[in-house]
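Numbering-wise, the working numbering comes out as the position in the sequence shown, counting from 1, plus 73.
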Amino acid sequence: MPTTLTDVIRVAHELWPLDGAESWDAPGLVSGDGAAPVRRIVLAVDAVADTVDEAIELGADLLIAHHPLLLRGVTSVAEDRYKGSLLRRLIKADCALLTAHTNADVVMDGVSDVIAQRLGLTDAVAITSNLRDPRVGIGRAGTVQEPTTLGRLARTLAELLPATAGGVRVSGDYDAVVNTVSLCGGAGDSLLAQPAVLGSDVYITSDLRHHPASEAREQAKLNGRGPALIDVSHWASEWLWLDSAARQLRVVLPGVEIIVSELNTDPWDFVVTQ
Numbered sequence: 074m075p076t077t078l079t080d081v082i083r084v085a086h087e088l089w090p091l092d093g094a095e096s097w098d099a100p101g102l103v104s105g106d107g108a109a110p111v112r113r114i115v116l117a118v119d120a121v122a123d124t125v126d127e128a129i130e131l132g133a134d135l136l137i138a139h140h141p142l143l144l145r146g147v148t149s150v151a152e153d154r155y156k157g158s159l160l161r162r163l164i165k166a167d168c169a170l171l172t173a174h175t176n177a178d179v180v181m182d183g184v185s186d187v188i189a190q191r192l193g194l195t196d197a198v199a200i201t202s203n204l205r206d207p208r209v210g211i212g213r214a215g216t217v218q219e220p221t222t223l224g225r226l227a228r229t230l231a232e233l234l235p236a237t238a239g240g241v242r243v244s245g246d247y248d249a250v251v252n253t254v255s256l257c258g259g260a261g262d263s264l265l266a267q268p269a270v271l272g273s274d275v276y277i278t279s280d281l282r283h284h285p286a287s288e289a290r291e292q293a294k295l296n297g298r299g300p301a302l303i304d305v306s307h308w309a310s311e312w313l314w315l316d317s318a319a320r321q322l323r324v325v326l327p328g329v330e331i332i333v334s335e336l337n338t339d340p341w342d343f344v345v346t347q
């Protein structure tokens, strides 16, 4: 019996349960026939023109994207709008689209957990966890295996993450000692006031806006303690998860080819420094 899209959806929702998603999120099947066979899957962070083209060119039956294509209200999928155009191309090519967003953020081996693992954090727990398992929830906080400095940690991240125009931005003393790290893959400035973040030596996340970042650093200076900040590319911070997701899928879907897209879908192309 060939693996069907329904089979893949069942597996995906076992790995990344929908009840773990935030209330505002919209993960799950976007387009596709549940009875259709699935022989090849492409994994990507974003469903954009480049990754849709790649999936179609590779003959994929399914594109699994981290970010939902239809997260906010859509009143038209006309083909002169990019979302409608992407859906039309996927449907015409018989390539389904499935998304796993915050439901893939919170789990063990999820987006933030993978970063914590790659940094070698010990005793890592979620920044905001559920009552059943402190390891399940948004973000991670833990201890480095050996004390390091903020500068060395930033360089480690630059080597660990795929290169992007924005690079790695840091607010803090280059030589400050780092023992404890909190982090959130993707946009995480909403967690700046969380106890696990405030109690860490550094907080790593993406999309830090001017005012939340400035206020957090000013408060830390006033208190004489508080985290330094490291801001990395949103896409890059979540791209690491794709390899973990692919390994999990290969175990439970041995007859399906799983391909990780290596296309850089960070929206920024270059930076000009003064």
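We treat Cβ as the ideally placed atom computed from N, Cα and C, and that holds for glycine.
- Item | Under 7 Å between C-beta atoms of Val250 and Ala227 | The answer is no: Cβ separation not under 7 Å.
- Item | Start-end ranges of the beta strand (DSSP E) lying completely within the segment 254-283, minimum 3 residues | You should have 275-279.
- Message: For Asp196 and Leu271, I'd like the C-alpha separation in whole angstroms.
- Response: When only Cα atoms are considered, Asp196 and Leu271 end up about 17 Å apart.
- Per DSSP, which one or two residues make a beta bridge with Val325? Val325 is not bridged to any residue.
- Query: Does the distance from the C-beta atom of Val111 to that of Leu78 stay below 7 Å?
  - Reply: Closer than 7 Å, so yes.
- Task: Check Glu130 in the structure and name its three-state DSSP category.
- Result: Note: Glu130 maps to helix in three-state DSSP.
- Query: Near Lys156, what residues of its chain come up, given a Cβ to Cβ distance below 8 Å and the 5 sequence neighbours on each side ignored?
  - Reply: Only Leu142, Leu143, Val147 and Val150 meet the Cβ criterion.
- Please state whether DSSP places Val243 in a helix, a strand or coil. In the three-state scheme derived from DSSP, where H, G and I count as helix and E and B as strand, Val243 is classed as strand.
- Query: For Arg371, does the three-state DSSP call read helix, strand or coil?
  - Reply: Look at the range of the chain in this structure, 74 to 347, and you will see that residue 371 is not part of it.
- Message: Per DSSP, what are the beta-bridge partners of Ser104 in this structure?
- Response: DSSP, once it has assigned bridges, lists Leu170 as partnering Ser104.
- C-alpha distance - Leu194 paired with His284, whole-angstrom precision: So the two alpha carbons sit approximately 29 Å from each other.
- Query: Since Thr76 is in the beta strand (DSSP E), which residue starts that stretch and which ends it?
  - Reply: Premise fails: Thr76 is in no beta strand (DSSP E) and is neither H nor E.
- Message: Could you pull the DSSP bridge partners for Arg213 from this structure?
- Response: According to DSSP, Arg213 bridges with Leu256.
- Looking only at DSSP bridge pairs, what is Val349 linked to? With the chain running from 74 to 347 in the structure shown, residue 349 is simply not present.
- Message: Check whether the segment 162-176 and the segment 230-243 are in contact - that is, three or more C-beta pairs closer than 8 Å.
- Response: No, the segment 162-176 does not touch the segment 230-243.
- So is Asn176 buried or exposed if we call it buried at 16+ other beta carbons inside 10 Å? Buried.
- Could you tell me whether the segment 258-271 touches the segment 318-332, using the rule of 3 or more Cβ pairs below 8 Å? Two segments are said to touch when three or more pairs of C-beta atoms, one from each, lie closer than 8 Å; by this definition the segment 258-271 does not touch the segment 318-332.
- Task: Measure the alpha-carbon distance for Ser287 versus Ala85 and round it to whole angstroms.
- Result: About 39 Å.
- Sub-7 Å separation of Val254 and Ser279 beta-carbons: Not a contact, by the Cβ cut-off of 7 Å.
- Item | Extent of the continuous alpha helix (DSSP H) run through Val187 | Val184 to Arg191 is the extent of the alpha helix (DSSP H) around Val187.
- Hey, out of Ala214, Arg205 and Ser202, whose CA is closest to Ile188's CA? Nearest in C-alpha terms to Ile188, of all of Ala214, Arg205 and Ser202, is Ala214.
- Using beta-carbon positions only, say whether Trp308 and Asp339 come within less than 7 Å of one another. Cβ distance < 7 Å, so Trp308 and Asp339 count as in contact.
- Task: Starting from Thr229, follow the beta strand (DSSP E) in both directions and report where the run begins and ends.
- Result: DSSP places Thr229 outside any beta strand (DSSP E); the residue lies instead in the alpha helix (DSSP H), whose first and last residues are Leu223 to Leu233.
- Determine the extent of the alpha helix (DSSP H) in which Asp196 is found, giving its start and end residues. Not the alpha helix (DSSP H): Asp196 falls in the beta strand (DSSP E), residues Thr195 to Val198.
- Contact check, Glu311 vs Gly259 under 8 Å by CB: the rounded distance? About 6 Å separates the CB atoms of Glu311 and Gly259; that is less than 8 Å, so the two are in contact.
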